[in-house]
Amino acid sequence: MTASPAVRVEQLAKRYGATTALDGVSVDVQPGELFGFIGPDGAGKTTLFRILVTLLLPDAGRAEVLGRDPSRDLWELRRRVGYMPGRFSLYADLSVAENLRFFASVFGTTVEAQRETIAPIYDQLAPFADRRAGALSGGMKQKLALCCALVHRPDILFLDEPTTGVDAVSRREFWDLLAGLRGTGLTTLVSTPYMDEAGRCDRVALMQRGRLLAVDPPAAITASFGRPLLGAQAADRYALLRAVRAWPAVGSAFPFGETVHVTDARDGVPAARSAEELAAHLRGAGVRDAEVTEATPTIEDVFMARMGDATAAEEAA
Ligand code: ADP
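In terms of this note's numbering, the sequence shown has 750 at position 275, counting the first letter as 1, and numbering is strictly consecutive.
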């Protein structure tokens, strides 16, 4: 027998006037998982989290968190859930230490009593204990918010876009802290618009316009790409992209860092042959320094491909 899921979501739907924020979302999160909801702005991540942490009622569908219904058992769940909202939610005029003491006292505990739970994060904040929260760097603010969400020792943690707008080094440090928490067995749901953070999760859900496009471990998602991927490079990336899009066999083409990621619309053509043909086309189109190699699909490639499929299905419906 498998353990009951820490979170169960069945056909959850929510609209704001004419806007559909959640369009029949179903997913289970297992105890101890570090689970990522990955999608762009407006995908519905905040709406989903707000329903799960008892702050918003769905229009339809069911949700269970730790075996409880967030729309009914809110007082029990609020004690057991840690929530870090997307926007800075701390008191900017209080110091680091005061913010922590405040959040601990709301839950009838003290920072000292919870020292062990928050130690790895608290130790990084300690040198700034007397600094006003509003005067911290973005990365430090997020660490303080995480500490405040943990200070009552929750059974499950919801972090809504904790790394948005934070520099790359702080993002990595934040994910290292989450990896440490995962080691303690804490179930953590985290949302992010950054596809490169998927690899830090046990499983991820790719989310777009209120729907889940895929739910799987990150390696299984990238493995599902299912066709050869090419990476084209040239000094003039604009000319390159235009020429790639004019290739008669082009399937998809989008800029990816220094390269353009391209698929061949034809089925069954080996990658090496596609690469040769694309390179010949590009040189013929005047992009003389074009180089084409085989590329490894990333989560972003799968996201773009699934998003295209979902849009095509909607248009056909
Ligand atoms: P995300 O967190 O992925 O950015 P949200 O859940 O915040 O997504 O938003 C989903 C959709 O719902 C968006 O189109 C957003 O504009 C809309 N939305 C969110 N909150 C409200 C609200 N209070 N009133 C009207 N529309 C909203």
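The beta-carbon is built from N, C-alpha and C at its ideal position, and this holds for glycine as well.
Hey, how far is the Cα of residue i from the Cα of residue j?
| i | j | result |
| --- | --- | --- |
| V502 | D605 | 42 Å |
| T495 | A792 | 17 Å |
| V504 | C676 | 12 Å |
| R576 | A707 | 54 Å |
| R763 | E769 | 19 Å |
| L782 | S666 | Sequence inspection shows Met at residue 782; the Leu mentioned does not correspond to that position. So the alpha carbons of these two residues sit roughly 18 Å apart. |
| F778 | S727 | 12 Å |
| P793 | P730 | The structure shown does not extend to residue 793, since the chain is modelled only from 476 to 792, so the question has no answer here. |
| F578 | I696 | 38 Å |
| R702 | D742 | 8 Å |
| G761 | A724 | 18 Å |
| G655 | A572 | 22 Å |
| R712 | T734 | 8 Å |
| A601 | F563 | 20 Å |
| R555 | L549 | 10 Å |
| G514 | T529 | 22 Å |
| V744 | E790 | 28 Å |
| G511 | G517 | 16 Å |
| A594 | G507 | 19 Å |
| M682 | T522 | 12 Å |
| A698 | L552 | 37 Å |
| V500 | G732 | 31 Å |
| L688 | P772 | 17 Å |
Near residue i, which residues of its chain fall below 8 Å by C-beta distance, leaving aside the five closest residues on each side in sequence?
| i | result |
| --- | --- |
| G613 | G640, V641, D642 and S645 |
| M476 | Low confidence applies to M476: its pLDDT is 45, below 50, so where it sits in the model is not reliable, and the reading given next is rough at best. So no residue of the chain qualifies. |
| L705 | H736, V737, T738, D739, A746, S749, A750, L753, V767, T768, E769 and A770 |
| T638 | Q617, S645, R646, F649, W650, T667, Y669 and E672 |
| Q589 | A579, L625, V626, H627 and R628 |
| S570 | A604, D605, R606, R607 and A608 |
| L715 | A707, Q708, A709, V735, L757, V762 and A765 |
| L532 | I526 and S546 |
| L621 | M559, I596, L634, P637, F649 and L652 |
Going along the chain, which residues of its own chain have a beta-carbon closer than 6 Å to the beta-carbon of residue i, five neighbours each way excluded?
| i | result |
| --- | --- |
| A780 | none |
| V690 | V502 and A680 |
| R686 | D498 |
| F524 | F633 and D635 |
| L611 | none |
Less than 7 Å between C-beta atoms, sequence neighbours within five positions excluded: which residues of the same chain meet that for residue i?
| i | result |
| --- | --- |
| S580 | none |
| N574 | L565, Y566, A608, L619 and C623 |
| R647 | none |
| G542 | S479 |
| R657 | L509 and T663 |
| R490 | A496 and D534 |
| R758 | A765 |
| L661 | L632 |
| T592 | L625 and R628 |
Three CB pairs or more closer than 8 Å across the stretch 484-497 and the stretch 534-550: With three or more CB-CB distances shorter than 8 Å, the stretch 484-497 counts as touching the stretch 534-550.
Could you please go through the chain and list the residues whose beta-carbon is closer than 6 Å to any non-hydrogen atom of the ligand ADP? Every residue whose beta carbon comes nearer than 6 Å to a heavy atom of the ligand ADP appears here in chain order: Y491, T494, A496, G514, D516, G517, A518, G519, K520, T521 and T522.
Is it true that the stretch 706-723 meets the stretch 753-767, where meeting means three or more beta-carbon pairs spaced less than 8 Å apart? Touching, yes, given that three or more Cβ pairs across the two stretches are closer than 8 Å.
Determine contact between the stretch 581-590 and the stretch 650-663, defined as no fewer than three beta-carbon pairs at a distance below 8 Å. By the Cβ test, the stretch 581-590 is not in contact with the stretch 650-663, since fewer than three Cβ pairs between them sit closer than 8 Å.
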